[in-house]
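Residue numbers for the sequence shown follow my numbering, so the first one is 8 and each next one is one higher. Ideal Cβ positions, reconstructed from N, Cα and C, are used throughout, including at glycine. Right, one structure below, let's go through it.
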Amino acid sequence: MQWLIIVFAGWMVIGSCNKETLIIREPGDTIRTKEIEMVEEYIDLSSVIYLTSRHITENTKWSSAKKILISGRIYIDSNVTLTIDAGTLIQGLVSTNAAIIVKRGAQIFIQGTAAQPVVFTSSALPDWRNPGDIGGFLLCGSAPVNCNGNNLQILTDSNICCGGNSSGDNSGIIQYLRIEFAGNFASDVDEMGGLTLAGTGNGTVVDHVQVSYSNDDSFGWKGGTVNCRNLVSYKCRDDDFDTDLGYTGVVQFGVAVRDKGLYELTENSSGIESDNDYNGSLNTPNTQPVFSNISLFGPKISDTASGIPSAFQAGVYLRRGTMLRLYNSVIAGWPYGLRIQPGTANNAQNNATGSTLRVRHCVLAGNTIPFYSSFDSAFYDNPAYGNIGDSTLASLHTDTSIYSSAHPVFLPGSSCFILTGADFTELLSYPEISVTGYKGAFGTTAWTAGWAVFDPESMNY
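Shown next as structure tokens:
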């Protein structure tokens, strides 16, 4: 049975088809129920804006003065802007596939702050929230994709498409945003993770975004050229950072933390996963993003931890013709550290041999098996590439504190070896890149402070 859930001040509404039940949580966690006629009767419209599935057809602003409650998918139509004030709380009704979808040609402006991030989360009560409660956030642009004549259908409904010839496409600004309990996967043309950037151009600004408890990928790039920085993926089920279909942007400063109890049963749950496309074709533009200063903390929380489910794959899984380039990053606590897939035609191993796929100045630490194959080992250990392998989790001086749900400690210890040794020689031509001395997502500054939350299950919204 599918449930509809709305939460206000200790009570929530659940419904199936045309029947709705008010669930009231009383002191001591006593639960009682009451049949109701309409959801709207239990919403205080003086403090809440209630939106059922619709298209926004004129410029609109959502103020933090009222909670935004969404049932179903909200589409921002072409040539329309949606502006969301700092501190705005948006809640999606459980099982309605609540989502915000910015269509090609539209723009969204989310300009939260460290003190007042924008939050898109589940409507369920604290401790009732689950991955997949809401659909997610989809931003479609007109930058190139490598399939279907540069015009990719993203969703099965409303003919939502992305792609075009505008590398500088400007789909808006997303800053200081949290997305919680999102994600669903019906098919390759009806997939939504926490934040999906589809054909989004490099005129778009994306930074300081956290996706927590996604039922699919946390961050997905389907083609496009958008540059992103300061990303947090927390306890998703599938991949933390997934790139395909010709994505060529730059991602710097990203951290992922996994939980061995949360994984995708039918997929390989990885940190970074990348394909040229679903078939490993020679289609162009090639998937060739640059990732630098990424920390991927897998489900193995210590050097002696065991019992990791087989559904977890590699910290970095490069396949199907990708040309992804990874620099100055830390891959720690995974069943496999690095896996580069062979195959026919445009396969990833050939690209690694030809140096169109690169892994440089990275660190492997505490992975059960550092490399999936002898090819991966020989490639990674090439002295010219400056990589470090076979370190321990303890050597990072963070160990299990990374997995604290209250206040994860991401900063390396003062004597940790990853605070030095970064190399940006191959990245100096990228104006989007900030040169650091350290490897991984963090040096001595906790850029997650103030706005990121690591226990959204118990937050009282």
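Which listed residue (A131, P342, I141, M199) has its alpha carbon closest to that of T375: Minimum Cα-Cα distance from T375 among the listed residues A131, P342, I141, M199 corresponds to P342.
CB contact flag (G170, L159, <8 Å): yes
Length at least 4, wholly inside the region 94 to 124: the alpha helix (DSSP H) runs in chain order: Whole alpha helix (DSSP H) segments, 4+ residues: zero.
C-alpha gap between S408 and A339, whole angstroms: 14 Å
P463 (DSSP reduced to helix, strand or coil): Helix at P463.
7 Å Cβ shell around A122 - same chain, five flanking residues per side excluded: G457
Per-residue DSSP class, three states only, for G156: helix
Segment limits, alpha helix (DSSP H) that includes F386: Membership of F386 in the alpha helix (DSSP H) is indicated by the continuous run 381 to 387.
Beta-carbon proximity list for V126, same chain, < 6 Å, skipping 5 on both sides: Excluding positions up to five away in sequence, the list reads L96, R185.
Start-end ranges of the beta strand (DSSP E) lying completely within the region 283 to 330, minimum 3 residues: 297 to 304, 321 to 325
Straight-line Cα distance separating E65 from S336: 43 Å
Selection from T451, S174, S221 that minimises the alpha carbon distance to T473: Absent from the structure is residue 473, since the part of the chain shown begins at 8 and ends at 468.
Closest residue to A391 among L58, S381, C369 (Cα-Cα distance): When the alpha-carbon of A391 is set against those of L58, S381, C369, the nearest one is in C369.
Inside the region 185 to 224 only - alpha helix (DSSP H) runs reaching at least 4 residues: The qualifying runs do not exist here; there are none.
Coil, strand or helix - L426 by DSSP: helix
Which listed residue (P377, A321, Q259, N358) has its alpha carbon closest to that of T443: Q259
Residue burial classification, W454 (beta-carbon count within 10 angstroms, cutoff 16): buried
As assigned by DSSP and simplified to three states, the class of L403: helix
Three-state class that DSSP yields for Y270 in the structure shown: coil
Euclidean distance between Cα positions of G208 and N177: 6 Å
Proximal residues to S7 (C-beta, below 8 Å), its chain only, five neighbours per side dropped: The chain is shown only over 8 to 468; residue 7 falls outside these bounds and no answer can be derived.
Expected contact under 8 Å - CB spacing of S412 and F461 to nearest Å: 5 Å
Option in G328, S60, S129 with minimal Cα separation from S362: The option with the nearest alpha carbon to S362 is G328.
Through-space distance from Y241 to F386, alpha-carbon basis: 30 Å
DSSP-derived helix/strand/coil call for Q348: coil
Buried or exposed (CB count within 10 angstroms, at least 16 for buried), I38: Legend: pLDDT at I38 = 46, less than 50; position of this residue unreliable, value from coordinates given subsequently. By the 10 Å Cβ count, I38 comes out exposed.
Cβ of C243 within 8 Å of any chain D Cβ: No chain D is part of this structure, which consists of one protein chain only.
Local Cβ density within 10 Å of R326, reported as buried at 16 or more and exposed below that: R326 comes out buried.
Those runs of the beta strand (DSSP E) which lie wholly inside the region 240 to 268 and span at least 3 residues: 248 to 251, 257 to 264
As assigned by DSSP and simplified to three states, the class of W454: coil
Nearest to N300 (by Cα), restricted to the options V262, E280, N290, T291: V262
Whether I115 touches I81 by CB criterion (8 Å): no
Residue from S85, L100, T67 with nearest C-alpha to I77: L100
CB-CB length for T128 against E187, believed under 8 Å: 4 Å
Rounded distance between the beta-carbons of D251 and D282, thought under 8 Å: Rounded to the nearest angstrom, the Cβ distance from D282 to D251 is 4 Å, consistent with a contact under 8 Å.
Other residues of its chain near F15: CB distance less than 6 Å, five sequence neighbours each side excluded: Confidence at F15 is low in this model, with a pLDDT of 45, below 50, so the placement of that residue is unreliable and no value is reported for it.
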